[in-house]
Ligand code: GLV
Ligand code: MN
Ligand code: MN
């Protein structure tokens, strides 16, 4: 089976041209063959009950009671198989299958268990459950590895409750300090520090870990969250890299007034000011090539009363682009654009997240491609439009990602769906890749 590397989006280094991989050492597929599609699907359905919302969706936001329940479910499954559990100071959970060399740095795989407020059953949960399934398949095949393999559930990847996202992996890798995250509050004013303390207390583990312990390699399985794999009928995406993101919070401040009496000319209407700002930003971000991703996803009006002129609006900007220079340039235009468009209102701007595009390690990409070929699973190389914890791990160890198709490319939506056979195929590629990276030995 040939693996075709295809050109992805935009002129960035995360995309290679068309290339054929040749000459690889074949590994036995015994452990990959032990992946149980039924067990993996059943676990997804069990996990999806925690925070279930109508229409098959999930609301399991970071450090909530539902997130705690999900962590406890994972810990229970891991303990039942004799794996040990560790946790670090921001609640990142690590499930360990020992290697022959106890001192060797582990190969780590995983993703996140938290969801968007109206999220789906697979975004994040798949990478964690695929990792656990991989450990069990290795056990079932009596396959030892030289290095330990650990499954991680990163804390607060989504950022819908406590912004920004990817907080667990950022703190782990040193991109952001834990102390700088503790005072971040959710929409109800609850501090992350308190939600984290409650989570840690509810999930006792065998071992406490330092941040940034040595990791030999990191690999994350995830649904694609876009339409390409399904449309092309290809089961495996070898992810080349991730586009960059900048997040902002914009506060527009005006003056409250009576809707029936205050003359329009003298009003300082924060809602009208915010609408003008968003309109101006849309014009700055306009892009005929449809590469720029500009989203205003949260819009809070105060006091939100029909007959009071709003005195405050808070809205968020999520800006993404595969080229660092374009991301820098567009993000740097946000402040002046807001100030020019806000009229009589005051604007306060805060950047909460800035992550440049990343390019995944070539050897990890090759390991995934070779594993797919061994399993006779067609694969294409493709970039990711969504951000993932893997892009932060990529700064500290060789990292990569495996994508599997999802229905209609729909994600961050209760309708998110994936086929059991596609989830299993991605997990089989994960097993084979872990064996490559961790040094598998049949015993
Ligand atoms: C991850 O959830 C993202 O927003 O890309
Ligand atoms: Mn995700
Ligand atoms: Mn997500």
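Residue numbers (our numbering): 87 to 529.
Yeah, the Cβ is synthetic: ideal placement off N, Cα and C, and Gly gets one too.
Given the structure is predicted, the values throughout are model-derived calculations rather than measurements.
Would you kindly check if the distance between the Cβ of residue j and the Cβ of residue i is under 7 Å?
i           : j           : result
residue 123 : residue 510 : yes
residue 309 : residue 208 : yes
residue 403 : residue 334 : yes
residue 205 : residue 144 : yes
residue 148 : residue 247 : yes
residue 273 : residue 176 : no
residue 307 : residue 216 : yes
residue 194 : residue 301 : yes
residue 305 : residue 513 : no
Based on DSSP bridge pairs, tell me the residues matched to residue i.
i           : result
residue 236 : 182, 194
residue 404 : 333, 381
residue 41  : Past the boundaries of the shown model lies residue 41; the chain is included only from 87 to 529, so the question cannot be answered.
residue 205 : 144
residue 308 : 489
residue 338 : 399, 433
residue 265 : Beta-bridge pairing links residue 265 to no other residue.
residue 409 : BP columns for residue 409 are empty, so no partner.
residue 303 : 193
residue 388 : 398
Under the assumption that residue i contacts residue j (Cβ atoms under 8 Å), give the Cβ distance between them as a whole number of angstroms.
i           : j           : result
residue 213 : residue 201 : So it is not a contact: roughly 13 Å between Cβ atoms.
residue 320 : residue 467 : Not quite, the Cβ-Cβ distance comes to about 11 Å (not below 8 Å), so this is no contact.
residue 429 : residue 362 : 6 Å
residue 379 : residue 401 : 16 Å between Cβ atoms; not a contact.
residue 441 : residue 414 : That pair is no contact at about 12 Å.
residue 435 : residue 421 : 5 Å
residue 526 : residue 113 : 7 Å
residue 286 : residue 128 : Their Cβ separation, rounded to whole angstroms, is 28 Å, which puts residue 286 and residue 128 out of contact at 8 Å.
residue 221 : residue 157 : Incorrect: roughly 17 Å between the Cβ atoms, too far for contact.
residue 170 : residue 186 : Residue 170 to residue 186, Cβ: 16 Å. No contact.
residue 76  : residue 387 : The requested residue 76 does not occur in the structure, where the chain is confined to residues 87 to 529.
Identify the continuous beta strand (DSSP E) that holds residue i and give its terminal residues.
i           : result
residue 436 : 432–441
residue 470 : 465–470
residue 171 : 170–173
When DSSP labels each residue in this structure, what does residue i get in the three-state scheme?
i           : result
residue 111 : coil
residue 476 : helix
residue 527 : strand
residue 394 : strand
residue 241 : coil
residue 93  : Unreliable placement is indicated for residue 93, whose pLDDT of 31 sits below 50; no coordinate value is reported for it.
residue 328 : strand
residue 454 : helix
residue 564 : What the structure shows of the chain is the stretch from 87 to 529, and residue 564 is not part of that stretch, so it cannot be assessed.
residue 274 : coil
residue 482 : coil
residue 445 : strand
residue 230 : strand
Tell me which residue opens and which closes the alpha helix (DSSP H) that residue i is part of.
i           : result
residue 518 : 506–524
residue 259 : 253–259
residue 423 : 420–427
residue 287 : 278–288
residue 32  : Because residue 32 is not part of the residues shown, which for the chain are 87 to 529, the question remains open.
residue 156 : 151–166
residue 216 : 211–226
residue 317 : 314–318
residue 134 : 123–134
residue 296 : Careful: residue 296 lies outside any alpha helix (DSSP H) and carries neither H nor E.
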